[in-house]
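Numbering (our numbering), first residue to last: 1163 to 1332.
Positions of the beta carbon are idealized from the N, C-alpha and C atoms, including for glycine.
Remember, predicted model here, so these are calculated numbers, not experimental data.
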Amino acid sequence: MNRSSVAIYPGSFDPVTNGHLDIIQRGSRIFGKVIIAVLRNQRKNPFFSVAERTEMLARAIEPLENVEVARFNGLLVNFAREMKAGVVIRGLRAVTDFDYEFQLALMNRRLEKEVETIFLMPSAEYSYLSSSQIKEVVSLGGSVKGLVPDFVEQELLGKLEKSGQKPRIS
Ligand code: PNS
């Protein structure tokens, strides 16, 4: 497959939201193959382990034939080279994302000029959605129905219970 038809969609996915899935579906309609790349070692203290995050993603993308999930360490552009991918997909929700995404895209271009970053906008109903917000709402007893797949909501509740942090039901 040509490098420009293989795209990487990198992120923390802690956990995957319907906003991510919206971007993945859009990407899968444009590119021949989309590889979701879950960052293994990160400074943020993740809620779910990398194995749990990968499993949830794999389950959520099951119906999409040209999408797969992988894990990566180190520089994203090195992973893109390894996967023979010429494109990095990032979701842009609102203007507030722009500064960070601009820095990331230009640094990646400096590191590897053959990899192009493209931005996709999710459906407006997900334009305010983030994994951090999902975790906060669930931990405070709110419902995230319709914002993450149902099984992800169950995983979140299960994780909170295991950690002894029973969610408060409002
Ligand atoms: O979901 P996130 O946390 O916004 O994703 C950020 C991610 C994983 C795309 C970014 O942190 C990344 O690519 N990290 C790998 C290290 C790297 O390549 N850094 C150089 C660009 S600044």
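Taking the Cβ of SER1174 as the reference point, at least one heavy atom of ligand 1 falls within a distance shorter than 6 Å. Going by C-alpha positions, SER1190 is about 23 Å away from LYS1275. Put simply, of LEU1319, SER1293, VAL1306 and VAL1314 the residue whose alpha carbon is nearest the alpha carbon of LYS1206 is SER1293.
Beta-carbon to beta-carbon, ARG1202 and PHE1234 are separated by about 7 Å, close enough to satisfy the 8 Å threshold.
When C-beta atoms of the stretch 1259-1278 are compared with those of the stretch 1209-1228, fewer than three pairs fall below 8 Å, so the two segments do not count as touching. Annotated three-state conformation of GLU1224 is coil, per DSSP.
It is roughly 29 Å from the alpha-carbon of ARG1271 to the alpha-carbon of ALA1220.
A Cβ-Cβ distance of about 11 Å is found for the pair GLU1230 and ILE1186, leaving them out of contact under the 8 Å criterion. A direct Cα-to-Cα measurement between SER1289 and PRO1172 gives close to 18 Å. For ASP1184, the closest of GLN1295, GLU1317, SER1305 and LEU1291 by C-alpha to C-alpha distance is LEU1291.
By the CB criterion at 7 Å, GLU1278 and VAL1249 fall inside the cutoff. For GLU1274, the secondary structure class from DSSP, reduced to helix, strand or coil, is coil. When secondary structure is reduced to three states using DSSP, VAL1229 falls in the strand class. Of the candidates SER1211, GLY1253, SER1305 and LEU1309, the residue whose Cα lies closest to the Cα of ILE1170 is GLY1253.
An exposed status is given to GLY1194, since fewer than 16 other beta-carbon atoms sit within 10 Å of its beta-carbon. Counting only runs of 4 or more residues that sit fully inside the stretch 1169-1254, the alpha helix (DSSP H) segments are 1180-1192, 1212-1222 and 1238-1244, in chain order.
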